[in-house]
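Student: Here it is, the structure in full.
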Amino acid sequence: MKKFFGKLKRFFFPPQGSPRWRLILPYVALGILTILLMIGGAYGWQYTNSPQFCGTTCHTMPPEYAAYQVSPHAQVACVECHIGREFIGNQIVRKAGDIKHVIDLAFKDYEFPIYAGNMRPASFSCERCHSPEKFSDDTLKVISHYGDDKDNTPYSTYLILKTGGGSKREGLGRGIHWHIENEVYYYAADTHEQVIPYVRVVNDDGSVDEYVDIEANLDPASIEEDQLRKMDCITCHNRITHRIYTPDESMDSALEHKVIASDIPEIRKKGVEALSGDYATQESGLKGIAALSDYYKTNYPDYYAENADKVDAAIAEIQQIYVNSVFIDQKVNWDTHPRNIGHVDGPGCFRCHDGKHLNGNDEAVRLECNLCHSIPVVAGPNDFLTNIEINRGIEPEMHLNPNWISMHHEVIDATCSNCHTTDDMGGTSNTSFCSNSACHGSTMTYSGFDAPSLREIIRDQLPTPMPTPTPPPTPVSGPPTYAANIQPLFNNLCSLCHGAVASAGLNLLTYADVMKGSDNGPVIVPGDSENSRLVQIQSEQHFANLSAEQLDMVVEWIDAGAPEK
167 MKKFFGKLKR
177 FFFPPQGSPR
187 WRLILPYVAL
197 GILTILLMIG
207 GAYGWQYTNS
217 PQFCGTTCHT
227 MPPEYAAYQV
237 SPHAQVACVE
247 CHIGREFIGN
257 QIVRKAGDIK
267 HVIDLAFKDY
277 EFPIYAGNMR
287 PASFSCERCH
297 SPEKFSDDTL
307 KVISHYGDDK
317 DNTPYSTYLI
327 LKTGGGSKRE
337 GLGRGIHWHI
347 ENEVYYYAAD
357 THEQVIPYVR
367 VVNDDGSVDE
377 YVDIEANLDP
387 ASIEEDQLRK
397 MDCITCHNRI
407 THRIYTPDES
417 MDSALEHKVI
427 ASDIPEIRKK
437 GVEALSGDYA
447 TQESGLKGIA
457 ALSDYYKTNY
467 PDYYAENADK
477 VDAAIAEIQQ
487 IYVNSVFIDQ
497 KVNWDTHPRN
507 IGHVDGPGCF
517 RCHDGKHLNG
527 NDEAVRLECN
537 LCHSIPVVAG
547 PNDFLTNIEI
557 NRGIEPEMHL
567 NPNWISMHHE
577 VIDATCSNCH
587 TTDDMGGTSN
597 TSFCSNSACH
607 GSTMTYSGFD
617 APSLREIIRD
627 QLPTPMPTPT
637 PPPTPVSGPP
647 TYAANIQPLF
657 NNLCSLCHGA
667 VASAGLNLLT
677 YADVMKGSDN
687 GPVIVPGDSE
697 NSRLVQIQSE
707 QHFANLSAEQ
717 LDMVVEWIDA
727 GAPEK
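Residue numbers (this note's numbering): 167 to 731.
The following block contains the structure:
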């Protein structure tokens, strides 16, 4: 060894009088070595930033890596979100801060399941690709389902997602992404942010609205400012890259994409049951799923004899779904990490929009189906057309109450049919707007509809019941007048929008108001029905149209000079 170091010393420190090339050689060697180290370091840096390194080198990562590979971000490196797109110097500093994870792994100082902590703010990750000021138009969402019956009957849920976004400077900043354009702060009572008892909204003028869960027994004054978090992309999109689908979702997707034959009897139901089984090990889970072949041999022997290949292919696919969604060693499945998009499999939106987060005026953080999306419409295999209703008119005053969705079933009356179809009202037959199975057939587990203290507040806010409509009196002899003929007609058919609410400034309930007109000017020109705005509007498609006979009476009244009596 001493001899080796002696030669090494003579190489880097040649004796005096050595040839020039001998003097230059050590510097050339050091230069080459430096270049090799730099290249090796670059490759090492790139590899340690790769998804393959994150997902396969660490034995704690199989659940996250499996979900990542089929996610929308499968082509995005892990470090772009977990470290952020930054100058390499900043990235090195941030990555050095994660050495603690390597130490924890080396000394096995961790517990399963593992939850991510200290995520980079959305401004350093999501917003480097997804600009919050980019406006997104509404989009059609089709969710395919299959029944648990023998025929795996398909049906679909259609809705329009009001994605929204954009800058308020451009007249936008609405829809679901309103939350990003506006300042919203919240206090979470648990580590995973599934319980949010307090929400603060900062308005454009700097004023603040505070909403408190009425069942939380929380005093907002007890919350420290550093306990509040500002809402950003990750508040909702927390599992966008590492989502594990539920058995129901996985089976519906497999049937929709025809990787499992939909003509296999009960395959949807049996697949969900097999995936949801409580297995001690991964191997026993795969064996439990393989046992489905015995079920078909016993219960559908004729079908199995002719279609064994279909059944075996379905079993193989269900096993693959199980491998990608259940990780017994890491104690991870679809229920482990809460997902905050939606409100079916977890609180999600209902962490705040549950109807029982109220401000000082007992107004709720709005809980309405059509706030973020249209009313869902369910269509079965025999439904040739699907009609999605999008409101474009003025809503009745009672609909504007922030607590409307919690009280609407208590104020149903005949006026509902002015705008909606009402067959089987409150049912699930999908024969009308008011018999929607996506609403009435769903259990809103995480909403606050049944909160006892909320019911008391709602009771005090119920609107005065609408009087029972009475048919207009039989026209008196002679030309029609406002008092005898027109006023009863307007009271019955137009008062919901053009009564106390006075949509567009038009009140049709008194003669003086009718003759005054709307915000856009007079609607009646006595003696000239052709140029009367009211007749022009009613001659076209309107939100509520008079019948031909009723419109003829209005025309006759106007042409006669629009007399009051």
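From the three backbone atoms N, C-alpha and C, an ideal C-beta is built for every residue, glycine too.
Since Thr407 and His664 should fall inside the 8 Å C-beta cutoff, what is the C-beta to C-beta distance between them, to a whole number of angstroms?
Tutor: Thr407 to His664, Cβ: 51 Å. No contact.
Student: Please report the straight-line C-alpha distance between Glu483 and Ala420, rounded to a whole angstrom.
Tutor: Looking at the two C-alpha atoms, the distance is approximately 8 Å.
Student: Return helix, strand or coil for Lys266, following the three-state DSSP convention.
Tutor: Residue state, collapsed to three classes: helix.
Student: DSSP three-state call for Tyr312: helix, strand or coil?
Tutor: DSSP places Tyr312 in strand when its eight states are reduced to three.
Student: May I ask which residues mark the beginning and end of the alpha helix (DSSP H) holding Ala545?
Tutor: Premise fails: Ala545 lies in the beta strand (DSSP E), 543-545, not in any alpha helix (DSSP H).
Student: With three or more C-beta pairs closer than 8 Å as the rule, is the region 313-331 touching the region 566-582?
Tutor: Counting Cβ pairs under 8 Å, fewer than three are found: no touch.
Student: Grouping DSSP H, G and I as helix and E and B as strand, with all else coil, what is Leu394?
Tutor: Looking at Leu394 - three-state DSSP - the assignment turns out to be strand.
Student: Who pairs with Val374 in a beta bridge, going by DSSP?
Tutor: Val368, per the DSSP bridge assignment.
Student: Looking at the strands, I want to know which residues DSSP matches up with Gly687.
Tutor: In the DSSP output, where bridge partners are listed per residue, Gly687 has Ser684.
Student: Using the C-alpha atoms, what's the distance from Asp418 back to Thr611?
Tutor: Approximately 22 Å between the Cα atoms of the pair.
Student: Let me know if Lys522 comes out buried or exposed under the rule of 16 or more other beta-carbons within 10 Å of its beta-carbon.
Tutor: So Lys522 ends up on the buried side.
Student: Three or more beta-carbon pairs under 8 Å between the region 512-520 and the region 359-379, yes or no?
Tutor: Because the criterion of three Cβ pairs below 8 Å is met, the region 512-520 and the region 359-379 touch.
Student: If you draw a straight line from the C-alpha of Lys476 to the C-alpha of Asp392, how long is it?
Tutor: So the two alpha carbons sit approximately 58 Å from each other.
Student: Going straight from the alpha carbon of Ala208 to that of Tyr353, what length do you get?
Tutor: Approximately 42 Å between the Cα atoms of the pair.
Student: Since Thr214 is in the alpha helix (DSSP H), which residue starts that stretch and which ends it?
Tutor: Note, Thr214: alpha helix (DSSP H), 186-214.
Student: Excluding the 5 residues preceding and the 5 following His608 in the sequence, name in chain order all residues of the same chain whose CB lies nearer than 8 Å to its CB.
Tutor: Correcting the residue identity first, residue 608 is Ser in this sequence and not His. Around Ser608: Val510.
Student: For Arg625 and Gly614, I'd like the C-alpha separation in whole angstroms.
Tutor: If you take the alpha carbons of Arg625 and Gly614, they lie about 15 Å apart.
Student: Would you mind listing the beta strand (DSSP E) stretches within the region 398-438 that are 3+ residues and don't spill past its ends, in chain order?
Tutor: You should have found no qualifying run.
Student: So what's Val350 in DSSP terms, helix, strand or just coil?
Tutor: Of the three classes helix, strand and coil, the one that applies to Val350 here is strand, per DSSP.
Student: Pick from Pro646, Thr464, His311, Ser388: whose alpha carbon is nearest that of Lys731?
Tutor: Ranking Pro646, Thr464, His311, Ser388 by Cα distance to Lys731 puts Pro646 first.
Student: So what's Ala580 in DSSP terms, helix, strand or just coil?
Tutor: In this structure, Ala580 counts as helix in the three-state DSSP scheme.
Student: Specify the secondary structure class of Gly671 as computed by DSSP and reduced to three states.
Tutor: It is helical.
Student: With DSSP as the reference, please indicate the residues paired to Tyr321 in a beta bridge.
Tutor: Paired residue(s): His311.
Student: Pull up the CB-CB distance for Val531 and Tyr351, whole angstroms please, since I reckon it's below 8 Å.
Tutor: Not quite, the Cβ-Cβ distance comes to about 13 Å (not below 8 Å), so this is no contact.
Student: Do Ser416 and Leu441 have their CB atoms nearer than 8 Å?
Tutor: Yes. Within cutoff.
Student: Any chance the region 579-590 sits against the region 669-684, with 3 or more Cβ pairs inside 8 Å?
Tutor: In short, these stretches do not touch, since the Cβ pair count stays below three.
Student: Could you tell me if Thr401 is buried or exposed, where buried requires 16 or more neighbouring beta carbons within 10 angstroms of its beta carbon?
Tutor: Answer is buried; the Cβ neighbour count reaches 16.
Student: Beta-carbon within less than 6 Å of Cys399's beta-carbon, same chain only, minus the 5 sequence neighbours each way: which residues are those?
Tutor: Taken in chain order, the residues that qualify are Ala288, Cys292.
Student: Counting C-beta neighbours from all protein chains within 10 Å, is the total for Pro229 16 or more, i.e. buried, or is it exposed?
Tutor: Counting Cβ neighbours within 10 Å, Pro229 comes out buried, since at least 16 surround it.
Student: Please classify Thr412: is it buried, with 16 or more other beta-carbons within 10 angstroms of its beta-carbon, or exposed?
Tutor: The residue is buried, with at least 16 neighbouring Cβ atoms inside 10 Å.
Student: Determine, using beta-carbon pairs with one atom in the region 492-510 and one in the region 454-470, whether at least three such pairs fall under 8 Å.
Tutor: The region 492-510, when compared against the region 454-470, does not touch it at the 8 Å Cβ threshold.
Student: What's the C-alpha gap between Asp495 and Leu628?
Tutor: When rounded, the distance between both Cα atoms is 54 Å.
Student: With DSSP collapsed to three states, give me the class of Phe516.
Tutor: Phe516: helix per DSSP, three-state reduction.
Student: Note down, in chain order, each residue of its chain lying with its Cβ closer than 7 Å to the Cβ of Thr431, except the 5 sequence neighbours on either side.
Tutor: The sequence shown places Pro at residue 431, rather than the Thr named in the question. So the list reads Lys316, Tyr466, Tyr469, once near-sequence residues are dropped.
Student: Measuring only the C-alpha atoms, how far is Phe278 from Leu271?
Tutor: Computed Cα separation, rounded: 12 Å.
Student: Anyone know if the C-beta pair for His311 and Thr329 falls short of 8 Å?
Tutor: Not a contact, by the Cβ cut-off of 8 Å.
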